[in-house]
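Student: Residue numbers (the working numbering): 23 to 73.
Here it is in structure tokens:
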């Protein structure tokens with residue numbers, strides 16, 4: 023028997039908005055450029071951006 027599904031955590035739900043997501047990817051792009059990370063090294067990232 024399966025358990026009852028849990029609802030979305032309110033804090034997690036707040037992070038799913040256009041401004042937060044847009045800022046995240048702008049910051050990520052900035053870090054990639056500053057650190058000169060080649061595209062072939064950007065893979066298998068988890069939600070904490072750690073390999």
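Ideal placement from N, C-alpha and C gives every residue a C-beta, glycine not left out. Only a predicted model underlies this, so the values are computations on that prediction, with no experimental measurement involved.
#1: Between the alpha carbons of residue 59 and residue 45, how many angstroms are there, rounded?
#2: May I have the straight-line CA-CA distance separating residue 32 from residue 56, to the nearest angstrom?
#3: Using the C-alpha atoms, what's the distance from residue 51 back to residue 42?
#4: Does DSSP put residue 60 in a helix, a strand or coil?
Tutor: This is what the structure gives:
#1: 19 Å
#2: 34 Å
#3: 14 Å
#4: coil
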